[in-house]
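Quick notes on the structure that follows.
Number of protein chains: 2
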Amino acid sequence: MSLHFGLLGLLKICPMSGYDLKKIFDESVNFFWSAQISQIYRELKALERAGCVVSTTEASSAGPNKRIYRITESGKARLKEWLLDDTREIGEDDRNEFLMRVFLSSSIGGNELLGILRKRLAKYRNDLERLNTSESNIPKYQEKFDIESERLFWMISLRRGYHDVQSHIRWAEESIRFLEDQGYRAP
Amino acid sequence: MSLHFGLLGLLKICPMSGYDLKKIFDESVNFFWSAQISQIYRELKALERAGCVVSTTEASSAGPNKRIYRITESGKARLKEWLLDDTREIGEDDRNEFLMRVFLSSSIGGNELLGILRKRLAKYRNDLERLNTSESNIPKYQEKFDIESERLFWMISLRRGYHDVQSHIRWAEESIRFLEDQGYRAP
DNA sequence: GCTGACATGTAATTCGTTACATGATTAC
DNA sequence: GTAATCATGTAACGAATTACATGTCAGC
Chain L
1 MSLHFGLLGL LKICPMSGYD LKKIFDESVN FFWSAQISQI YRELKALERA GCVVSTTEAS
61 SAGPNKRIYR ITESGKARLK EWLLDDTREI GEDDRNEFLM RVFLSSSIGG NELLGILRKR
121 LAKYRNDLER LNTSESNIPK YQEKFDIESE RLFWMISLRR GYHDVQSHIR WAEESIRFLE
181 DQGYRAP
Chain C
1 MSLHFGLLGL LKICPMSGYD LKKIFDESVN FFWSAQISQI YRELKALERA GCVVSTTEAS
61 SAGPNKRIYR ITESGKARLK EWLLDDTREI GEDDRNEFLM RVFLSSSIGG NELLGILRKR
121 LAKYRNDLER LNTSESNIPK YQEKFDIESE RLFWMISLRR GYHDVQSHIR WAEESIRFLE
181 DQGYRAP
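Same order as they appear, the protein sequences are chains L and C.
Numbers 1 to 187, taken from my numbering, label the letters of the first sequence in order.
Numbers 1 to 187, taken from my numbering, label the letters of the second sequence in order.
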């Protein structure tokens, strides 16, 4: 359902094609939501069937024709309704394959885990750098369409990624220190 | 796939039924993985078809017969293989419906978002308290079966939840302050 | 002539949730 | 008797991934 409304929310800013939406997804919400292009196309069809958007075929500046989707009044209303819906528990999906591995690591032992955590820490530090650049990515869209009214909310959600990565780093550093104190040494 | 190996990992500690596994899931890995009982039963059947576990029917101390699953040597080998698999990108699934809402909040405005964030902050603070108790939950299992060799790894993964919640709290506080500074007032 | 970005889709499969169905045993 | 916990499953549905299929256009 989040993809459903994520697409609707972006189409509210500006009409665009599935291909365009995929790019914006990858550049903006990617750190808390990802979607395959095939899923986006499928979802757009569902959105149109539901009367939330309408589509027209338009010639592309480069390449084949595009199918441009536009949000309808009904779509706007349903987006707002979803945003304000207070009846359902809004989950933050914590499913984390990496943590599952850490949890089960007794089968491989502390030395192996230490090596895995060192690599992960390097990845987190890299994530932090990437986040610093994606934060400065917001102004870029201004050329394409007006996002002044979105800027505040985009910034707040992006900051979350920042805090998260920092906590991942703290956790990894703590865990590495802890394993080392226990006498484990990476292979 | 994580549920698959999560079940396998728990069965490596001790043979048990689907019902038992569900309880342990809820009490331990719950903060980074959840599973419905029906999915566990289905997955256990798949695990048996794949030769990772074998099952026997045993009388229960209370209630109807239990189907007890035991890990096989092949299952242990495959668990280890998965834990050491370095070829695939091990994702930390960041899909987060709540952040999607924050991101799209321009449709409802800063005042509404401020109210939503205040509620969320209260929830995070509550999560923190619950985590403090689940950390002291580990020793409990000692009576049932030996988890001495697991303790270290369970502790490290549980600590992650602790760091995460703290970063959620920091983010929510920062965002609330930020919205207030912008002159927004919750409805 | 080939690669890469542009552009749209379908089909099969996997993973996860919700609803449905059944029945034993224990404590009140 | 009745509610709660114990215990196992099936079926339908929904959400997401992967693989497959097709074709344009620009630049080298």
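Yeah, the Cβ is synthetic: ideal placement off N, Cα and C, and Gly gets one too.
Closer than 9 angstroms at the beta carbon, the chain L residues around residue i
{"i": "residue 174 (chain C)", "result": "156, 159 and 163"}
{"i": "residue 7 (chain C)", "result": "Within chain L, no residue comes near residue 7 (chain C); the closest Cβ sits about 10 angstroms away, beyond 9 angstroms."}
Residue i, DSSP secondary structure in three states
{"i": "residue 65 (chain L)", "result": "coil"}
{"i": "residue 72 (chain C)", "result": "coil"}
{"i": "residue 105 (chain L)", "result": "helix"}
{"i": "residue 55 (chain C)", "result": "strand"}
{"i": "residue 1 (chain C)", "result": "coil"}
{"i": "residue 92 (chain L)", "result": "strand"}
Cβ-based neighbour list, residue i, same chain, cut-off 7 angstroms, excluding 5 preceding and 5 following
{"i": "residue 12 (chain L)", "result": "71, 76 and 79"}
{"i": "residue 82 (chain C)", "result": "5"}
{"i": "residue 168 (chain L)", "result": "124"}
{"i": "residue 90 (chain C)", "result": "none"}
{"i": "residue 182 (chain L)", "result": "110"}
Neighbourhood of residue i by C-beta distance below 8 angstroms, restricted to the same chain and skipping five residues each side
{"i": "residue 165 (chain L)", "result": "124, 127, 128 and 131"}
{"i": "residue 48 (chain L)", "result": "54, 55 and 69"}
{"i": "residue 37 (chain C)", "result": "18, 19 and 22"}
{"i": "residue 32 (chain C)", "result": "157, 160 and 161"}
{"i": "residue 46 (chain C)", "result": "4"}
{"i": "residue 119 (chain L)", "result": "none"}
{"i": "residue 15 (chain L)", "result": "68, 69, 70 and 71"}
{"i": "residue 40 (chain L)", "result": "3, 7, 18, 21, 22 and 25"}
{"i": "residue 152 (chain C)", "result": "none"}
Close beta carbons around residue i, own chain, < 6 angstroms, minus the five adjacent residues each side
{"i": "residue 17 (chain L)", "result": "66, 67 and 68"}
{"i": "residue 58 (chain C)", "result": "66 and 68"}
{"i": "residue 175 (chain C)", "result": "117"}
{"i": "residue 133 (chain L)", "result": "none"}
{"i": "residue 179 (chain C)", "result": "110 and 114"}
{"i": "residue 51 (chain L)", "result": "74"}
Contacts that residue i makes with chain L (C-beta to C-beta distance below 7 angstroms)
{"i": "residue 102 (chain C)", "result": "153, 156 and 157"}
{"i": "residue 27 (chain C)", "result": "Chain L residues near residue 27 (chain C): none, gap ~13 angstroms exceeds 7 angstroms."}
{"i": "residue 170 (chain C)", "result": "163"}
{"i": "residue 189 (chain C)", "result": "Not covered by the structure: residue 189 (chain C). The range shown for chain C is 1 to 187."}
Contacts of residue i in chain C (Cβ-Cβ under 7 angstroms)
{"i": "residue 249 (chain L)", "result": "Look at the range of chain L in this structure, 1 to 187, and you will see that residue 249 (chain L) is not part of it."}
Cross-chain neighbours of residue i in chain C, by beta carbon under 8 angstroms
{"i": "residue 79 (chain L)", "result": "104 and 107"}
Classification of residue i by the beta-carbon crowding that lies within 10 angstroms, buried from 16 upward
{"i": "residue 23 (chain L)", "result": "exposed"}
{"i": "residue 177 (chain L)", "result": "exposed"}
{"i": "residue 42 (chain C)", "result": "exposed"}
{"i": "residue 94 (chain C)", "result": "buried"}
{"i": "residue 145 (chain C)", "result": "exposed"}
{"i": "residue 35 (chain C)", "result": "buried"}
{"i": "residue 9 (chain C)", "result": "buried"}
{"i": "residue 246 (chain C)", "result": "What the structure shows of chain C is the stretch from 1 to 187, and residue 246 (chain C) is not part of that stretch, so it cannot be assessed."}
{"i": "residue 88 (chain C)", "result": "exposed"}
{"i": "residue 107 (chain L)", "result": "buried"}
{"i": "residue 122 (chain L)", "result": "exposed"}
{"i": "residue 150 (chain L)", "result": "buried"}
{"i": "residue 105 (chain L)", "result": "buried"}
{"i": "residue 2 (chain L)", "result": "buried"}
Any non-hydrogen atom of the ligand ATP closer than 6 angstroms to residue i Cβ
{"i": "residue 49 (chain L)", "result": "Ligands in the displayed structure: none, and consequently the ligand ATP is not present."}
Beta-carbon neighbours of residue i, restricted to chain C and to distances below 9 angstroms
{"i": "residue 145 (chain L)", "result": "The contacting residues do not exist; residue 145 (chain L) stays about 13 angstroms from chain C at best."}
{"i": "residue 12 (chain L)", "result": "104, 106 and 107"}
{"i": "residue 20 (chain L)", "result": "Simply none; closest approach about 17 angstroms."}
Within chain L, the residues that residue i reaches when beta carbons sit closer than 8 angstroms
{"i": "residue 38 (chain C)", "result": "Those do not exist, as residue 38 (chain C) stays about 17 angstroms from chain L at its closest Cβ, beyond 8 angstroms."}
| Would you call the region 26-39 of chain C and the region 93-103 of chain C touching, i.e. three or more CB-CB distances under 8 angstroms? | no
| request: Mind the definition here: the region 179-187 of chain C touches the region 108-116 of chain C only if three or more C-beta pairs lie below 8 angstroms; say whether that holds. | output: The count of Cβ pairs closer than 8 angstroms, one atom from the region 179-187 of chain C and one from the region 108-116 of chain C, reaches three, so the stretches are in contact.
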